[in-house]
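Working notes for the structure below.
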Amino acid sequence: CATEYRKAQKSTDNEYKYQVAMDLYQREKWYKANNLFEQIMPAMRGTEEAEDMQFKYAYGCYNQKQYTMSSHYFKTFYQTYSRSEKAEEAMYMSAYSLVKDSPREELDQSSTTEAISALQSFLNKYPNSEYAPEGNRIIGELQEKLATKAYLIAKQYYLLRKWKAAMVTFENFRKDFPDSKYNEELAFLRLESSHTLATQSTYQKKEDRFSETIEIYQKFIEKYPESTYLKSAEKLYGDSLNQLEKIAKNKNS
Amino acid sequence: QEATAQFRMGVGRKIDNTIKLDYGNPKEYEIAEIDVQGIETLNKSALLSLTGLKVGDKVRIPGDDISNAIRKLWKHGIIGDVSILVNKLEDGQAFLTLELKERPRLTRFEFQGISKSQSKELGEKIKLIRGRVLTDAIVKNAELSIRDFYVDKGHLNVDVKTKQIEDTLVTSGVRLIFDVTKNNKVRIDKINVFGAEAIDDQTVKRKMKKTNENLRFKLPNRLASDLISLGKPENMKYFLTHQEGDGGSSVKDYLNENVKLNFFKSTKFIRTEYEEDLDKVITYYNSRGYRDAQIMEDSVYASGKDRINVDLHIEEGQKYYFRDVEWVGNFVYTDEIMNKILGVKKGDVYDMELINKKLNFNPNGPDVYGQYMDNGYLAFRCEPVEVKVEGDSIDVEMRIVEGAQFTINKVRLTGNDRTNDHVVYRELRTVPGDKFSRDMIIRTQRELSQLGYFDAETINPVPLPNMAAETVDIEWGVQERPSDQISLSGGWGGSFGFVGTVGLTFNNFSVKNIFDKSTYRPLPSGDGQKLSLNIQANGVQYQSYAIGFTEPWLGGRKPTSLNVSFNHSVQRIFPFNDFSFTNQIGFLKMWGASIGLGKRLTWPDDWFTISYALSMQTYEMENYTYSRLGFDTGTSTNFSFITTLSRNSVDNPMYPRTGSLVSTRLAMTPPYSLFNNKDYDNIDNEEKYRFVEFYKVNFDLKNYVQIWGDLVLETKAHFGHMGSYTNQVGVGPFERFEMGGSGLSGGNFMLGTDIVALRGYQDRSLIPYNPEEQIQGGTTFVKYTAELRYPLSLNPSATIYVHTFAEAGNNFNEVSSFDPFDVKRSAGVGARIFMPAFGLIGIDWGYGFDPTPTQPAGGPSGSQFHFTIGQQIR
């Protein structure tokens, strides 16, 4: 078979190449099959076999784990043959290739966001597809991943003791991921950051910052009245009140 | 250019004339039939599937569906012409005909008359797609691209002919052959400048950076002919009776007319560059106060075979001066502060370029935008307006819109495909909640590039302001580049013969991910840790192993680096030509370990770092006759504490242009002799060196200055000294300085020594010897270097530069004989290439002007070649 592949590679007979490529594809020799497909595709544009070939080529890329490529070729397929019965599968696979390409959360998530929007367009177009339930589940997973990424970045500012930055980032996180499981923890850390920032501030800024801490505390207990952090939060609240009292006394005297 | 597809309806031969399409009122029809006409090789149903039209579909006629179908078909580039005809409209049904014309398709193309490499380059440039339909326009465009390609190279008279040949392999296939006749390059003979008075012609020509006159040296000929003509009586009489008024300038003109020594400049004529150069001339005039200067006319004409002349007619206009500069709209900073930054005084030569430089970006000092931009005023705008022109004086108003103070809201990072977020985020100086600052962006950009994980030239910070909220998001775009290095080398190492070295450095290692297979590329990566391995061996006689690990942010909270390393090496002595273990006569085994902590400081400024290290090295000897220690069986231990304080503001690690590096290092062993009560005057060497005792100071200075463009001058000075705590102990043989050559440690595997390069002299040729103590090596050295560098390529995948250097240095056995001016001098040239996978590799040729102690004849050291690997500190 290896010799046949080599022979096909050198042959100028497109029909022969096509036969060998199809045979290789059946036997899951993705790399070799795709190589032959590549050679004949320009010449076979507009022929009957072209449609099937492009679909198989995209799967060939997918099976070789070249997900960026496979996503692209599935996309070309469903755009070109929008009336093909395989268009639905191609559109899903184009999105699913991007899902496969999504790296761990500490790296750039461009393909994750792309995957989410591709899946979303798929679901909009084929809401009753057999792939729809899985598509929905994957979207949820990917969003969770984005939330974890944002959580780790926000938490790093806290670790680096950049209190102001941590507060801004925690607040942005709450807006971006209102349903995330991390919200309670970050809400408490925001309170703690605010308190620490106020404590470390110069005297002139202390009053404003402790007042802000108190506001943050009030919002915190409203939202999480049974929080596991309640005790620690109350302590910070108490201390902030004491500090404000001291400042008020100093002012009066 | 694409020919447009036609959408014809109700026009044509077979069409029933009764069909009337109402364009004002499209109706929906069901497609009853699609007939395809005019195809020869293509498949009917495949083509139909490409159009997206199908029998049974509902389409609007006239409407988008039909035109979309044409567009889709056309996009594939396989047909020459397409029209869709409506044959019949009946009972809400439409009968369509697809009329196609097949045209030959391009199967192959080739070039004649040009080199292979240019064919390849052109092949990519002309963008011909094989398998597509060939039209006249496509051929014409290809020809034009080929023409442009050669015109840009100076072949103004290039000739391109295209042949179309039927390709018998494929039906209706066509082969293209481009026959290119390049002809000679056209060069510029002379540039004639007319009307330049305030600025002389030569300066005008010099400002044209890329359009230059051809090399000419006609002086001897011209002098000869002038002398001959002077010999004629009437000329002689004229010469004797007429005194030239402006002697100096006529000599200059005379020389200029006949001599042009443009050895390294391009003298090709390239239209786009020529036009840029004309702008440069005007810019130069403007910068000298000639605000109205313009080029009235320019002409380019042939002056001979392959030669052209350029005539420029310049109108200089008047010279202007600044009068009053007024600031309008500044509330945050006073006029006084702004004037100080701008630095323009009444009566200065009018120069808008200078104002713009001081306004937007001034590399040598503060600028107006920076004053605001570094303090959050992101929307700051300042527009200089000439408000009054009176005689030769101009009043300028600086109109300012300060805008709001922006706070950083979100900071994003894209493009990190290998490196984890936290490794990058901890380095960013653009922090949420802070005021926007341009300076911090520039500094972060520099620091990210120094991490070495990203392509320095493409680090791209994008501020995305939100005007309503007065906040700004900052998006950092990076591109990963390979940061791991491998080095393989071999060389002759003294008595060991051939010694091979394998070195591996992983600069973006991750200990945490050792068990996570998905992060392997090829080793676990992404946490910014560094792991290096080094193995050196020549078989059983000599082996050395070293491993080192660095975590740059210990605990992830502060940039405190932790550094751990181990090394072990062994040398075995065998009887002559007998290398079996059982017969070994003696050995030297060394073990070493060190642990260090490095911290970034914020005081005196935040370019400083300090590091501490504990290091231990033991030497175990048995019958080791080469020891030079005065004993050959026993153990020595060198235990030292090292402190290094350094300040580094170098802008780019690969090719520094500005900045400096200052470093002081102090290494100390415990002062054993102060409390061990040993009688050092009557002690054998084994006892004396059981615990090595010394202190050592190093001082290193490097400075980079940009001379012109990318031409950079590096100046370096290095000094080192080691001594003993008490006189009785003396400075032992360990850790001494050895100087000369490339500075590589190759060939020296013995007692820890400090090797200093000195080009132009043989490797380790400057090692003083003290016959009284019988100890080799210097205790004090000094070295100065000046190196002028110019880059050939700043491409991050291969940074290449050439340099020329002058060096001087010397190594002294005793501090009493130290003299900073008694140095061995050398000069030479060299080149360096940096490739991410191999690190820095270089070659130097140097000439040493002074004799070395090892050359008894005492002549100069002479010509030497040096090969180097890696960045040398000294």
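Chains as they are written, first to last, in the working numbering: chain Y, 1 to 253; chain V, 254 to 1127. In this text, a Cβ means the ideal position worked out from N, Cα and C, and glycines have one as well.
Inter-residue Cα distance where the pair is residue i and residue j
i, j, result
"V:M549", "V:Y538", "14 angstroms"
"V:E286", "V:K328", "24 angstroms"
"Y:N172", "Y:E141", "21 angstroms"
"V:D564", "V:K458", "11 angstroms"
"V:N669", "V:D310", "48 angstroms"
"V:R361", "V:A1059", "57 angstroms"
"Y:N252", "Y:L160", "37 angstroms"
"V:I331", "V:F768", "53 angstroms"
"V:D530", "V:I379", "28 angstroms"
"V:Y798", "V:G996", "20 angstroms"
"V:K460", "V:K533", "6 angstroms"
"Y:A132", "Y:M93", "12 angstroms"
"V:Y554", "V:S646", "40 angstroms"
"V:G1112", "V:R524", "57 angstroms"
"V:Y678", "V:P685", "11 angstroms"
Per-residue burial, residue i [other beta carbons within 10 Å of its own, 16 or more giving buried]
i, result
"V:T922", "buried"
"V:L397", "exposed"
"Y:A248", "exposed"
"V:D1103", "buried"
"V:E352", "buried"
"V:R665", "exposed"
"V:D412", "exposed"
"V:P986", "buried"
"V:Y630", "buried"
"V:K1036", "buried"
"V:E940", "exposed"
"V:T587", "exposed"
"Y:N250", "exposed"
Residue j beta carbon less than 8 angstroms from that of residue i
i, j, result
"Y:F74", "Y:S102", "no"
"V:L914", "V:K949", "no"
"V:G333", "V:T388", "yes"
"V:P1089", "V:S736", "yes"
"V:G750", "V:S740", "no"
"V:I800", "V:N876", "no"
"V:V984", "V:G976", "yes"
"V:G849", "V:N816", "yes"
"V:E363", "V:I319", "no"
"V:V312", "V:A347", "yes"
"V:E946", "V:Y978", "yes"
"V:Y1054", "V:L1041", "no"
"Y:I214", "Y:Y237", "yes"
Continuous alpha helix (DSSP H) stretch holding residue i: start and end
i, result
"Y:T148", "A132 to L159"
"Y:P42", "W30 to M44"
"V:L301", "K297 to T304"
"V:D532", "R524 to S540"
"Y:D239", "L230 to N252"
"V:D318", "D317 to K328"
"V:G376", "K369 to K378"
"Y:T68", "Y67 to T80"
The beta strand (DSSP E) enclosing residue i, as first and last residue numbers
i, result
"V:S336", "D334 to E343"
"V:A721", "That residue, V:A721, is in no beta strand (DSSP E); it is neither H nor E in DSSP."
"V:K941", "That residue, V:K941, is in no beta strand (DSSP E); its alpha helix (DSSP H) goes N938 to K941."
"Y:A191", "Looking at the sequence itself, residue 191 of chain Y is Leu, so the reference to Ala does not match. Run containing Y:L191: none in the beta strand (DSSP E); it sits in the alpha helix (DSSP H), N183 to Q200."
What are the residues in the region 91-110 of chain Y lying within 9 angstroms of chain V by C-beta distance? P103, R104, E105, E106, L107, D108, Q109 and S110
Looking at chain Y, which residues of the region 651-662 of chain V have a Cβ within less than 9 angstroms of any of its Cβ atoms? T660, I661 and N662
Taking beta-carbon pairs under 9 angstroms, can you tell me which members of the region 301-312 of chain V lie near chain Y? S302, L303, G305, L306, K307 and D310
Chain V contacts from the region 207-239 of chain Y (Cβ-Cβ distance under 8 angstroms): none
Chain Y contacts from the region 746-780 of chain V (Cβ-Cβ distance under 8 angstroms): S771, T772 and G779
Between the region 151-165 of chain Y and chain V, which residues of the former have a C-beta closer than 8 angstroms to a C-beta of the latter? L152, I153, Q156, Y157, L159, L160, R161, K162, K164 and A165
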